[in-house]
Amino acid sequence: MNKTRQAWGRVVGALAAITLVPIAAVSGASPASAATNQFRGMNWAVLGDNFSTGPLVLHGLSQSDSNATVRAKANALYDDMAAIGVNTVRLPINTHTVGTAWWENYRGAIDAATARGFKVILAYWEDGAASGGRITNLAAWNTMWSRVTYLYGSNTNVYFEPMNEPHGYSSADWRNVAANWMSYHYSAVPSRTLIGGTGYSQDLRDICNDSRFSGTLLSFHHYAFFYSAMTYDAFRSHVQTRLGNCASRAIVTEYGAPMSTGLNYANASSTDNFVRHIRAVTQVMRDNQMGGTYWPALGGKPTGSLGYDHYSMFGLSGSGTNLNLTVRNASGRDRIRYGWGL
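Last residue of the sequence shown? That's 348 in our numbering, and every number before it is there in order.
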């Protein structure tokens, strides 16, 4: 998740106005050729966000959990995700997790997903907010990825995202970093590699036009708080423009909005900026048959005194390995499913 969200999004989210008016039809658009809507997913994140200088312990897990316990907890959560159509989970990794004792147990979340036929996107988060969107230790980063690609390079359900939101690099520098990664980590076949867009993964045009990435998938992020308020049509045009000519290879690996404030995402005439944004992003996804992983299923940066991220799709309950997820906003769930083509 974008680190600037705390500054940009939370106050706006808390004050979001709700306008309830009759539902109107969504206008159509000529669909582009695309084929990533097999990715119907969610992000499972750390409560507090994934930018960390320590081990990544996903919301609902404990660092004392064994591999078997992690698998059991993950399967309980995946059952509830699958009930709304999820078949993909995007999970964070970092250099303080991979190769540690916790990594051997954390892998239960990966292996539980692939065993049930889920696709797993493993994405690298840099070392905390102070890193400024850059890899702080290239040697450690490459060692981490060597371990990961050695373990999962032959597993066709596992996909690799070299870096989440590489906003500390210029476009040229990021493309060189990503191209070097691909050359170094030959176990990561291009068709199962997601290269993030420039900035906060929010613009795919330079990546799309770079022939070094012609065989890869692309990772795209779009949030309302990245930009000034827009109309539905402006959001829709903006998303399509930032995708460039590569919607056919793009997965919207992060997009989200408040799910605990009563917003009506079924309201096509809403003047609420979050509603217009989610409706626009999901319409572009559907028009282009694009997949996506909503941010987040659970975890993320807690909002105010709530104790949870109000963007999170699910509330978590239960204890031990008997965990349950409850949808926070039915209209939000339905709109995400619409974007997936369901």
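Think of the CB as a built atom: it goes at the ideal place given N, C-alpha and C, for glycine as much as any other residue.
Where the alpha helix (DSSP H) through residue i begins and ends
| i | result |
| --- | --- |
| residue 182 | 177-190 |
| residue 195 | Looking at the DSSP string, residue 195 is not in any alpha helix (DSSP H), and its letter there is neither H nor E. |
| residue 81 | 73-88 |
| residue 249 | 238-249 |
| residue 205 | 204-207 |
| residue 112 | 107-121 |
| residue 346 | 336-346 |
Burial state of residue i (16 or more Cβ within 10 Å)
| i | result |
| --- | --- |
| residue 129 | buried |
| residue 215 | exposed |
| residue 123 | exposed |
| residue 307 | buried |
| residue 326 | exposed |
| residue 31 | Low confidence applies to residue 31: its pLDDT is 30, below 50, so where it sits in the model is not reliable, and the reading given next is rough at best. Exposed, because fewer than 16 other Cβ atoms sit within 10 Å of the Cβ of residue 31. |
| residue 133 | buried |
| residue 69 | exposed |
| residue 100 | buried |
| residue 313 | exposed |
| residue 72 | exposed |
Nearest to residue i (by Cα), restricted to the options the options
| i | options | result |
| --- | --- | --- |
| residue 229 | 198, 261, 99 and 204 | 261 |
| residue 233 | 279, 224, 197 and 221 | 279 |
| residue 174 | 205, 45 and 302 | 205 |
| residue 169 | 81, 137 and 161 | 137 |
Supposed close pair residue i, residue j - CB separation, criterion 8 Å
| i | j | result |
| --- | --- | --- |
| residue 227 | residue 207 | 4 Å |
| residue 315 | residue 324 | With 8 Å as the limit, residue 315 and residue 324 do not qualify as a contact, their Cβ atoms being about 19 Å apart. |
| residue 159 | residue 193 | 3 Å |
| residue 185 | residue 218 | 5 Å |
Test: residue i CB closer than 8 Å to a CB of chain D
| i | result |
| --- | --- |
| residue 165 | In the structure shown, chain D does not exist; there is a single protein chain. |
Extent of the continuous beta strand (DSSP E) to which residue i belongs
| i | result |
| --- | --- |
| residue 140 | Note, residue 140: premise wrong, no beta strand (DSSP E); not H, not E. |
| residue 328 | 328-333 |
| residue 165 | 164-167 |
Can at least three beta-carbon pairs, one atom from the segment 242-259 and one from the segment 287-300, be found at a separation below 8 Å? Taking 8 Å as the limit for Cβ pairs, the verdict is that the segment 287-300 does touch the segment 242-259.
Counting beta carbon pairs with one atom in the segment 133-146 and one in the segment 107-124, are three or more of them shorter than 8 Å? no
Touching or not, the segment 91-100 and the segment 48-55, by the rule of three or more beta carbon pairs under 8 Å? yes
Is the segment 264-282 touching the segment 217-226, taking contact as three or more C-beta pairs under 8 Å? no
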